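First the structure, in the form of structure tokens, and then the observations on it.
2 protein chains.
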Amino acid sequence: MIKLKNISKQYHMGDVVINALDNVSMTISRGEFVIIMGPSGSGKSTLLNILGVLDLPTRNHGAYLLEDVDITELGDRELARIRNRHFGFIFQSYNLFPELNALENVMVPLTYAKRPKAERIKRAEELLEMVEMTHRLKHFPNQLSGGEQQRVAIARALANKPTLLLADEPTGNLATEQGNEILSLLKKLNEQGTTIVVVTHDPKVSTYGKRLVHLQDGKIVSDKAIEQS
Amino acid sequence: MIKLKNISKQYHMGDVVINALDNVSMTISRGEFVIIMGPSGSGKSTLLNILGVLDLPTRNHGAYLLEDVDITELGDRELARIRNRHFGFIFQSYNLFPELNALENVMVPLTYAKRPKAERIKRAEELLEMVEMTHRLKHFPNQLSGGEQQRVAIARALANKPTLLLADEPTGNLATEQGNEILSLLKKLNEQGTTIVVVTHDPKVSTYGKRLVHLQDGKIVSDKAIEQS
Ligand SMILES: Nc1ncnc2c1ncn2[C@@H]1O[C@H](COP(=O)(O)OP(=O)(O)OP(=O)(O)O)[C@@H](O)[C@H]1O
Ligand SMILES: Nc1ncnc2c1ncn2[C@@H]1O[C@H](COP(=O)(O)OP(=O)(O)OP(=O)(O)O)[C@@H](O)[C@H]1O
Ligand SMILES: [Mg+2]
Ligand SMILES: [Mg+2]
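Going line by line, the protein sequences match chains Z and Y.
For what it's worth, numbering that gives the first Met the number 0 labels the leading residue of the first sequence as 0, then goes sequentially.
For what it's worth, numbering that gives the first Met the number 0 labels the leading residue of the second sequence as 0, then goes sequentially.
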């Protein structure tokens, strides 16, 4: 499904070059559940952004093949179309639209499927019920706690039934029990066919995945199947 | 040092009243290391903001005595003075100044102590070295990873050698090893006299504290000493 070949992402700060990603290659097949771990600053969010075509590798520093098409050759509109219809994102700092309330935030991705408004409202309410946020539908992001914002972001990421779900620390602001509920939900979605990539610092989260990739200083240092218990 | 008496914090959403904090009373003595846990939305960040005088209880809903002075009677300038000179904050979403780089962010609290600039730069560099961020001094917040931003926020919170340190999920974006380094640092500061209140979802973090307070639906449901191992 996805092939990253020799991807590098460089930032230039004056005359210093920072290799946020350094010659990274990996293949992700449909239906996988990949966990990405590594120290702070090792390149995890950068890798996730490139996987989700929110960002591109540095020019001439690798290829991203999505179903064998090199996406670095596609135009912005085509990238946006792929991203909006097929990918779901949960960002490290949630990234809800501050001017929309919880319900409206979850309805945004549903506009791409062009369903009638009443149907979109119903679907958004069901998603928010799934993450136990029914009691806060009309709250704006700045009227929600950290974990509540994170749960709204999770509901929004799942709205379009994405084929690829990319989650950066999806349970970082949730207590253990609530975090486990979200992870069980992700596991169920994966069993139903969604390909999932989760960045996490929590070793417990990694037990839900099927494959564990370790990053360090922008490089993949290990990439193995997880023993399913 | 701090006495909260029957504190309530209410938000009015149309005709619904949300009790973010509901009749909370607690006393914090100098040198304590208090851990606050509880489900998402239970009132932890609200409690921390009130403890740090960033927010006030709802009118006529309780008193906050700081060294026996009712701070709800003080004016904004006096509250700001106490806060800037004596308290250090690590917020749930870091809250760095986006227009200042890492070094400048850490230097901001040092302006209150009115030391010469060269001294402030040196102190800020030492703090950033303590959280292993020496390699990113000139980066702006949007050029830093989540955990790097969190570490800069920690350095900034410690800049003024605060008597009271309030930390909301201070290791939420750090890998286990890096998180443990920060917690050992907090433990050392506490042994040297800093009063510390940490909100966390991570049971491992709670092992560093001396007292554990559980919140649920805005109420304190348990408040006990932690067995030191
Ligand atoms: N400005 C506001 N208006 C209305 N409700 C609010 C506002 N701010 C917070 N709340 C509500 O108050 C409750 C407590 O919020 P708080 O941020 O203290 O929770 P928390 O325990 O820190 O949660 P988390 O673990 O998710 O960060 C939440 O249910 C939230 O929806
Ligand atoms: N815009 C930028 N300019 C310069 N350097 C950057 C920029 N964005 C990221 N970096 C650097 O690239 C490196 C990788 O960042 P990334 O956000 O991918 O790390 P991460 O593994 O997600 O870390 P964390 O666990 O702390 O979230 C970091 O060291 C960071 O300082
Ligand atoms: Mg990150
Ligand atoms: Mg909170």
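We put the beta carbon where it would ideally sit given N, CA and C, even for glycine.
The model shown is predicted, which means the values in this text are computed figures rather than measured ones.
- At a cut-off of 7 Å between beta-carbon atoms, H213 of chain Y makes no contact with chain Z.
- For the region 171-199 of chain Z, the set of residues with a beta-carbon nearer than 8 Å to any beta-carbon of chain Y comprises G171, N172, L173, A174, T175, E176, Q177, G178, in chain order.
- Considering only Y:T45, Y:K8, Y:M0, the residue with the shortest C-alpha distance to S28 of chain Y is Y:M0.
- When secondary structure is reduced to three states using DSSP, R135 of chain Y falls in the helix class.
- With a cutoff of 7 Å on beta-carbon distance, V52 of chain Y and L20 of chain Y are scored as not near each other.
- Under the three-pair Cβ rule at 8 Å, the region 209-220 of chain Y counts as touching the region 32-42 of chain Y.
- For S144 of chain Z, the neighbours in chain Y by C-beta distance under 9 Å run, in chain order, A19, S39, G40, S41, G42, K43, S44, T45, Q91.
- Between L126 of chain Y and A154 of chain Y, the CB-CB gap stays under 7 Å.
- Per the coordinates, the alpha-carbon of I89 of chain Y lies some 13 Å from the alpha-carbon of L50 of chain Y.
- Put simply, the backbone Cα of R135 of chain Y is about 44 Å away from that of R119 of chain Z.
- Y63 of chain Z is classed as buried because its beta carbon has at least 16 other beta carbons within 10 Å across all chains shown.
- Within the region 123-204 of chain Y, the runs of beta strand (DSSP E) at least 3 residues long that lie entirely inside it are, in chain order, 163-167, 194-198.
- In the three-state scheme derived from DSSP, where H, G and I count as helix and E and B as strand, I35 of chain Z is classed as strand.
- A distance below 7 Å separates the beta carbons of V105 of chain Y and A123 of chain Y.
- Residue contact check for E147 of chain Y against chain Z: a CB pair falls below 7 Å.
- Classified as exposed, V15 of chain Y has fewer than 16 neighbouring CB atoms from the shown chains inside 10 Å of its CB.
- Taking a Cβ-Cβ threshold of 9 Å, the residues of chain Y close to E168 of chain Z are G145, G171, N172, in chain order.
- Residue pairing by DSSP leaves S44 of chain Y without any beta bridge partner.
- Rounded to whole angstroms, the Cβ separation of Q149 of chain Z and Y93 of chain Z is 6 Å, and the two are in contact under 8 Å.
- Here T133 of chain Y has E124, L127 as same chain residues with Cβ atoms under 8 Å from its own Cβ, once five neighbours each way along the sequence are excluded.
- Cβ proximity to chain Z below 8 Å picks out nothing from the region 49-74 of chain Y.
- If you draw a straight line from the Cα of R80 of chain Z to the Cα of N100 of chain Y, it is about 35 Å long.
- For N94 of chain Z, no beta strand (DSSP E) encloses it, and the DSSP letter there is neither H nor E.
- Here G13 of chain Z has no same chain residue with a Cβ atom under 7 Å from its own Cβ, once five neighbours each way along the sequence are excluded.
- Under the DSSP assignment, I70 of chain Y falls outside any alpha helix (DSSP H); it carries neither an H nor an E label.
- The beta carbons of H60 of chain Z and P161 of chain Z sit no closer together than 7 Å.
- Annotation: A19 of chain Z is outside any alpha helix (DSSP H); the continuous beta strand (DSSP E) that includes it extends over 15-27.
- Within the same chain, Cβ atoms closer than 8 Å to the Cβ of S205 of chain Y are found at I34, M36, T199, L211, I225, the five residues on either side in sequence being excluded.
- In the structure shown, N83 of chain Y falls within a helical segment according to DSSP collapsed to helix, strand and coil.
- The DSSP-derived three-state label of L3 of chain Y is strand.
- Cα atoms of M25 of chain Y and S221 of chain Y: separation of roughly 11 Å, rounded to the nearest angstrom.
- For P38 of chain Z against K8 of chain Z, the beta-carbon gap comes to about 17 Å, at or over 8 Å, which does not count as contact.
- With 16 or more other Cβ atoms from the protein chains shown falling within 10 Å of its own Cβ, Q91 of chain Z counts as buried.
- Comparing C-alpha distances from N83 of chain Y to each of Y:G74, Y:E103, Y:L109, Y:Q142 shows the shortest one belongs to Y:L109.
- Rounded to the nearest whole angstrom, the C-alpha separation of L182 of chain Z and T194 of chain Z is 14 Å.
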